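Student: This structure is in structure tokens; I'll ask about it shortly.
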Amino acid sequence: MHISKIDLNLFIVLEAIYTEGSITRASQKMNLTQPAISHALKRLRDLFDDPLFERQGNVMTPTPLARSIIEPVRRALRGLEVTLTGAARFDAASSERGFSLAMRDVLEANVLPPLMAGIAREAPLATLNTLQVSRKELASELAAGTLDAAIDVLLPLPNEVRRMQLAGDQTVVLVRRGHPLIKRGKLPLETYLALEHVQTSSRRRGPGLEDVELSRQGLQRRIRLRCQHYFAACRVVSQTDLALTMPDRLARIVNQQFGNQILPLPLTMPSLDVYLYWHANVDNDPANTWLRARVAAAMQAVA
1 MHISKIDLNL FIVLEAIYTE GSITRASQKM NLTQPAISHA LKRLRDLFDD
51 PLFERQGNVM TPTPLARSII EPVRRALRGL EVTLTGAARF DAASSERGFS
101 LAMRDVLEAN VLPPLMAGIA REAPLATLNT LQVSRKELAS ELAAGTLDAA
151 IDVLLPLPNE VRRMQLAGDQ TVVLVRRGHP LIKRGKLPLE TYLALEHVQT
201 SSRRRGPGLE DVELSRQGLQ RRIRLRCQHY FAACRVVSQT DLALTMPDRL
251 ARIVNQQFGN QILPLPLTMP SLDVYLYWHA NVDNDPANTW LRARVAAAMQ
301 AVA
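Quick note, in UniProt numbering, the sequence shown goes up one by one and the last residue is 303.
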């Protein structure tokens, strides 16, 4: 069937139902009535000769065919959107655009203050939404345009996802002031291994980068506490004899109210490099180019 005979709005409905998992939420997202969404879904089913979605409780579960076509559909829709956006000049001063930026929570305290200062200065009507996205879903979210960009460590992503190195960081160790094992502010490796440690991770299990490096040397430290957030870990350190290993720049922000000692990690570790990611289909999008420049400037400000 020739594309001229197909209503391209149907594919917008397809993507909305797939993303929202619900006809009700898709109708709210598109500001259409539920009967209109249901009618569009019927036309899609006739077009593909496939149910596309099957109801399981309150969720519309995609069929194998729907799963196989969603990424090409998202790329095509994103390409059209970029073409239309690029045809018009992006005026930051008057734009009311909302941007979505994925980043880990450990980066927010560093990046957001200078980033929002730059956005407020140049685009006072624009908004920013930061969120955490599964690394497995990062490429598809960027391709679909549900994310404008992402900040993360070096990741094995497809060639269609562009990247630019932003900054590096060092790893440090925090212990409370007056810690009985720390003499004259020195932390030799044997003392580091004798300490009990806090490990901060959003994962349920698994080693940290420092544990991987220790393992390579046939060494191991004792993890006494595993928690989710560095703020909580810093507070624990200030009231116990536990030690915390974390990125330097974040440590200097989070630790301000606790006054823990910040000591060099007595272990050779690679720099914690941070990268900016975006999809090739927005390489020349004026709005995305502007956002990337603001992110790069913010990272430079905290380097």
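From the three backbone atoms N, C-alpha and C, an ideal C-beta is built for every residue, glycine too.
On a predicted model such as this, the values are computed, not experimentally measured, just so you know.
(1) Got a sec, what are the start and stop residues for the beta strand (DSSP E) Ala-243 sits in?
(2) Under 8 Å: do the stretch 180-200 and the stretch 150-164 share three or more Cβ pairs, one atom per stretch?
(3) Quick one: grab the DSSP three-state call for Ala-194.
(4) Please report the straight-line C-alpha distance between Thr-130 and Lys-29, rounded to a whole angstrom.
(5) Does the stretch 146-156 come into contact with the stretch 243-258, if we say contact requires no fewer than three beta-carbon pairs (one atom in each stretch) closer than 8 Å?
(6) Nearest to Arg-235 by CA position, among Arg-176, Asn-281 and Glu-137, is which residue?
(7) By the three-class DSSP mapping on this structure, what secondary structure does Asn-9 have?
(8) By the 10 Å Cβ neighbour count, where 16 or more other Cβ atoms means buried, how is Glu-196 classified, buried or exposed?
(9) Exposed or buried, what is Arg-222 when buried is set at 16 or more other beta-carbons lying within 10 Å of its beta-carbon?
(10) Are the beta-carbon atoms of Gly-208 and Thr-245 separated by less than 8 Å?
(11) Under the DSSP definition of a beta bridge, which residues are partnered with Ile-223?
(12) Pick out whichever of Leu-225, Asp-211 and Ser-140 has its Cα sitting closest to the Cα of Val-198.
(13) According to DSSP, is Gly-98 helix, strand or coil?
(14) To the nearest angstrom, report how far apart Gly-145 and Ser-68 are at their CA atoms.
(15) Quick one: what does DSSP say His-179 is sitting in, helix, strand or coil?
(16) Do Leu-52 and Leu-65 come within 8 Å of each other at the CB atom, strictly closer than that value?
(17) So for Val-153, helix, strand or coil by DSSP?
(18) Pick helix, strand or coil for Pro-114, following the three-state DSSP scheme.
(19) Between which two residues does the alpha helix (DSSP H) containing Glu-54 stretch?
(20) Assign His-39 to one of three DSSP states: helix, strand, or coil.
(21) Would you grab the beta carbon distance between Arg-75 and Ala-143 for me? Rounded to a whole angstrom, and I think it's under 8 Å.
(22) Just reading off the alpha helix (DSSP H) that Asn-288 is part of, what are its end residues?
(23) Taking the beta carbon of Val-212 as the centre, do at least 16 other beta carbons fall within 10 Å, making it buried, or is it exposed?
(24) Should Pro-247 go down as buried or exposed, given a rule of 16 or more other Cβ atoms within 10 Å for buried?
(25) How far does the alpha helix (DSSP H) with Ala-144 in it extend, from its first residue to its last?
Tutor: The structure says:
(1) On the sequence shown, residue 243 is found 243 positions in, with the first residue counted as 1. Ala-243 -> beta strand (DSSP E) spans 243-247.
(2) no
(3) Sequence index remark: in the sequence shown, residue 194 carries index 194 (1-based). Ala-194: helix per DSSP, three-state reduction.
(4) Locating residue 130 in the sequence shown gives position 130, where the first residue counts as 1. Locating residue 29 in the sequence shown gives position 29, where the first residue counts as 1. Roughly 19 Å separates the two Cα atoms.
(5) With the cut-off at 8 Å, the stretch 146-156 and the stretch 243-258 do not touch.
(6) Taking the first residue of the sequence shown as position 1, residue 235 is located at position 235. Nearest of Arg-176, Asn-281 and Glu-137 to Arg-235, Cα basis: Arg-176.
(7) The residue given as residue 9 occupies position 9 in the sequence shown. The answer is helix: DSSP assigns Asn-9 an H, G or I state.
(8) Position 196 of the sequence shown, counting from 1, holds the residue named residue 196. Answer is exposed; the Cβ neighbour count stays below 16.
(9) Looking up residue 222 in the sequence shown gives position 222. So Arg-222 ends up on the exposed side.
(10) In the sequence shown, counting from the first residue as 1, residue 208 sits at position 208. In the sequence shown, counting from the first residue as 1, residue 245 sits at position 245. Taking 8 Å as the Cβ cut-off, Gly-208 and Thr-245 qualify as a contacting pair.
(11) In the sequence shown, the residue the question calls residue 223 occupies position 223. BP columns for Ile-223 point to His-197.
(12) Stepping through the sequence shown from its first residue, residue 198 is reached at position 198. If we check each option's Cα against that of Val-198, Leu-225 comes out closest.
(13) Start at 1 with the first residue of the sequence shown, and residue 98 comes out as number 98. Gly-98: strand per DSSP, three-state reduction.
(14) In the sequence shown, residue 145 corresponds to position 145, counting from 1. In the sequence shown, residue 68 corresponds to position 68, counting from 1. Straight-line Cα distance between these residues: approximately 18 Å.
(15) Along the sequence shown, one-based indexing puts residue 179 at 179. Of the three classes helix, strand and coil, the one that applies to His-179 here is coil, per DSSP.
(16) Here residue 65 refers to the residue found at position 65 when the sequence shown is read from its first residue. Here residue 52 refers to the residue found at position 52 when the sequence shown is read from its first residue. For Leu-65 and Leu-52, yes; Cβs fall inside 8 Å.
(17) Residue 153 sits at position 153 when you count from the first residue of the sequence shown. The answer is coil: DSSP assigns Val-153 none of H, G, I, E or B.
(18) Along the sequence shown, read from residue 1 onward, the residue named residue 114 stands at position 114. Three-state DSSP puts Pro-114 in a helix.
(19) The residue given as residue 54 occupies position 54 in the sequence shown. Where Glu-54 is concerned, there is no enclosing alpha helix (DSSP H), although the beta strand (DSSP E) it sits in stretches over 53-56.
(20) Here residue 39 corresponds to residue number 39 of the sequence shown, with the count starting at 1. Residue state, collapsed to three classes: helix.
(21) Numbered from 1 along the sequence shown, position 75 holds the residue referred to as residue 75. Numbered from 1 along the sequence shown, position 143 holds the residue referred to as residue 143. Between Ala-143 and Arg-75 the Cβ distance is about 5 Å, and since that is below 8 Å, they are a contact.
(22) On the sequence shown, residue 288 is found 288 positions in, with the first residue counted as 1. Here the alpha helix (DSSP H) through Asn-288 covers 286-302.
(23) Residue 212 sits at position 212 when you count from the first residue of the sequence shown. Flag for Val-212 reads exposed.
(24) As a first step, residue 247 is located in the sequence shown; it is residue number 247 there, counting from the start. By the neighbour-count rule (16 or more Cβ atoms within 10 Å), Pro-247 is buried.
(25) The count along the sequence shown starts at 1 and reaches residue 144 at position 144. Its alpha helix (DSSP H) spans residues 138-144.
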